[in-house]
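Going by the numbering used here, the first residue of the sequence shown is number 31, and it counts up by one from there. Glycine included, C-beta positions come from ideal geometry on N, C-alpha and C. These numbers come from a predicted model, not from an experiment.
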Amino acid sequence: MKKSTIFLTIAAAILVVLIGKAFIFNDAVKFYLLIFVAVGLGLALLRLGVNGAIKKMRGKHIGFKILFFIILLGFGLPFQNWFRKDVIFAMDGSFIVPCIITTVVSVIFFTIIYGRVYEKVRVRF
Numbered sequence: 031m032k033k034s035t036i037f038l039t040i041a042a043a044i045l046v047v048l049i050g051k052a053f054i055f056n057d058a059v060k061f062y063l064l065i066f067v068a069v070g071l072g073l074a075l076l077r078l079g080v081n082g083a084i085k086k087m088r089g090k091h092i093g094f095k096i097l098f099f100i101i102l103l104g105f106g107l108p109f110q111n112w113f114r115k116d117v118i119f120a121m122d123g124s125f126i127v128p129c130i131i132t133t134v135v136s137v138i139f140f141t142i143i144y145g146r147v148y149e150k151v152r153v154r155f
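Next up, the structure:
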């Protein structure tokens, strides 16, 4: 078995257990978990997009590279600050740990899924 398959299986199991437990026991955290799965999905796409953009920057002028990171940080830092202050610190303290675990696991899960889909689409064309 490949490492990515093992990570994918473990990540899927953790997501199913966390979200399933929240819905079975009707915990108040269940809707936050779904939101944080969506955040993990977005972060996985952002990670793959930025990595692809960085690979395309080889041989470009240094000013272009600096401008790219200025724009990236210009959008990313205010969003991160808002998300941390108004979302994470505003929720109940007992919700934070399951939500962070859900986000990290969903980033791993969706990165592997998107990587596999990208490889199949690239081979197809």
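Buried versus exposed, by CB contacts within 10 Å (16 or more), residue i
i: L97; result: exposed
i: P128; result: buried
i: A43; result: exposed
i: Y62; result: buried
i: I49; result: buried
i: L38; result: buried
i: A83; result: exposed
i: T133; result: buried
Supposed close pair residue i, residue j - CB separation, criterion 8 Å
i: A41; j: I126; result: Not a contact, Cβ separation roughly 20 Å.
i: K60; j: F53; result: 5 Å
Rounded separation between residue i and residue j - CA only
i: L76; j: D116; result: 21 Å
i: A120; j: W112; result: 11 Å
i: I131; j: V69; result: 12 Å
i: V135; j: V46; result: 11 Å
i: S124; j: A58; result: 10 Å
i: I100; j: L107; result: 10 Å
i: F105; j: Y148; result: 26 Å
i: K150; j: Q110; result: 33 Å
i: D122; j: F55; result: 18 Å
i: R114; j: A74; result: 18 Å
Cβ contact check for the stretch 143 to 150 and the stretch 88 to 97: 3 or more pairs under 8 Å
no
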